[in-house]
Every structure is written in structure tokens, then in C-alpha cells.
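*Asks:* Once you know that position 116 of the sequence shown is 117 in our numbering, the rest is easy, because the numbers rise by one and skip nothing. Beta carbons: idealized from backbone N, C-alpha and C, even for Gly.
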Amino acid sequence: MPRSLFFTTVIILLFLQNSIMAIETPNFKLIKKEGEFEIREYEPMIIAMTKVKSGYREASSTGFRRIANYIFGGNQKQMEIKMTAPVITDVPNVKGMYDILFVMPSQHKFDDLPIPDDDNVELKVKELGKTAVIQFGGWATESRATHYKEKLEQFIKNSGYEINSDYMVAQYNSPWALPPFRRNEIIIMIK
Numbered sequence: 002m003p004r005s006l007f008f009t010t011v012i013i014l015l016f017l018q019n020s021i022m023a024i025e026t027p028n029f030k031l032i033k034k035e036g037e038f039e040i041r042e043y044e045p046m047i048i049a050m051t052k053v054k055s056g057y058r059e060a061s062s063t064g065f066r067r068i069a070n071y072i073f074g075g076n077q078k079q080m081e082i083k084m085t086a087p088v089i090t091d092v093p094n095v096k097g098m099y100d101i102l103f104v105m106p107s108q109h110k111f112d113d114l115p116i117p118d119d120d121n122v123e124l125k126v127k128e129l130g131k132t133a134v135i136q137f138g139g140w141a142t143e144s145r146a147t148h149y150k151e152k153l154e155q156f157i158k159n160s161g162y163e164i165n166s167d168y169m170v171a172q173y174n175s176p177w178a179l180p181p182f183r184r185n186e187i188i189i190m191i192k
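1. To which residues does DSSP link L124 through a beta bridge?
2. Looking at the secondary structure, which residues open and close the alpha helix (DSSP H) in which I89 lies?
3. For the putative contact between I24 and A49, defined by C-beta atoms under 8 angstroms, what is the C-beta separation to the nearest angstrom?
4. For I32, count neighbouring Cβ atoms within 10 angstroms of its own Cβ and tell me buried if that reaches 16, exposed if not.
5. Give me whichever residues DSSP pairs with E35 in a beta bridge.
6. Considering only their Cβ atoms, is the gap separating N159 from K192 smaller than 7 angstroms?
7. So what does T132 bridge to, in DSSP terms?
8. Where does E81 sit, in a helix, a strand or coil, going by DSSP?
9. Note down, in chain order, each residue of its chain lying with its Cβ closer than 6 angstroms to the Cβ of M169, except the 5 sequence neighbours on either side.
10. For the alpha helix (DSSP H) containing I101, list its first residue and its last residue.
11. Would you please state the rounded distance, in angstroms, between the beta carbons of R183 and W140? I believe it to be under 8 angstroms.
12. On the DSSP letters alone, give me the boundaries of the alpha helix (DSSP H) that N70 sits inside.
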């Protein structure tokens, strides 16, 4: 009995981990939901971003570490900044070059944020505007991201929208979250 109670407790805690740790996410207006697809309108957001020339997996890891260093005090004010979700990997058509970005908490204004210590990290305002989105679980590997990107592109074409950007992979969970409890999205700007 104690063993089954332990496993039940672990499963419940893993399931509740995202609601226990309420993390701010970007504001958007849901325009339309059709099956597994959503059309959203995002508000402008302040981001910390870095460019990494590497493979998808290594770029995600390197970029995450650079920006995590910034929000954990690697800046001119040694100020800690709250973590938000998702971590976004912007996947441009140029093979091997990725933009990794964190959305800054909405309580901060652009001019209030400290200058990063690392010259590879920059602050910008990102305007996603109207987007098409598909959500998926598990690990956001390059092959899975490509699979869902292709599904989303087909939906966009079938719905009469035009693709207005390369795709982005948004990962909402901590690196240690188990695959069944992970939330990822593919985001494509549209017009």
C-alpha cells in the first residue's frame, strides 16, 4: 500500500506542477479556435533574446543559459527578474541560426530593465500580432516541431491566411517536467 500511495502522490504532484508554480505568460486575445488550432492576437511584449549559431538542440540549451543568466542577475543592476513562460525558439529559414527569447514580466517597462552583462543578450520589443498556433505535448524535438509546423502551415493555407514569418517553438515547462505533462506550441505570424 505505501508504494502505490507514493506513486499516486508523485503523479498528482507532477500533474499539478504548472498550477502550483503560476508563471506569467504573454497576453493575447483568442480570435478563433478550430480543433487543435488557434488564431490569436498578441499584445506587444518586451523580450530578452540571443542569437545562437548551432544545431536546434544545442542552440536551445545555449540560448536558455545565456538569458537565464541575465534574469538571475547577470545584468548591470544585478537585478533578478521573474521567470515567465514560454521560452521561445525562433526558427528562421537560415539553417543553423536560432533566436532564443524570454518574454519579460509585464510589470517591467523597457527602460526599467537592466542592461545585460552578456553582449550576446539584447532587449527588444517583439510584436507578434496575429498568429496561428498549434499545441502539442512531449519533448519539443526538432523532428516533432517540424511535424507540427507542417500541420499548422496546412491549416493556415486551408483557412485562407498568409504566412507572415518563420515558425517559433514555444516551450512552457521547466526542463525537468516529464513528457506527458509538457506543453509546447508552434507559433506562426499570419496576415
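*Replies:* Taking the definition as stated:
1. A49
2. Premise fails: I89 lies in the beta strand (DSSP E), 88-92, not in any alpha helix (DSSP H).
3. Going by Cβ atoms, the distance from I24 to A49 rounds to 16 angstroms, so no, they are not a contact pair.
4. exposed
5. F38
6. no
7. R41, M190
8. strand
9. I89, D91, I188
10. Unbroken run through I101 is the beta strand (DSSP E), 98-104; no alpha helix (DSSP H).
11. 7 angstroms
12. 57-72
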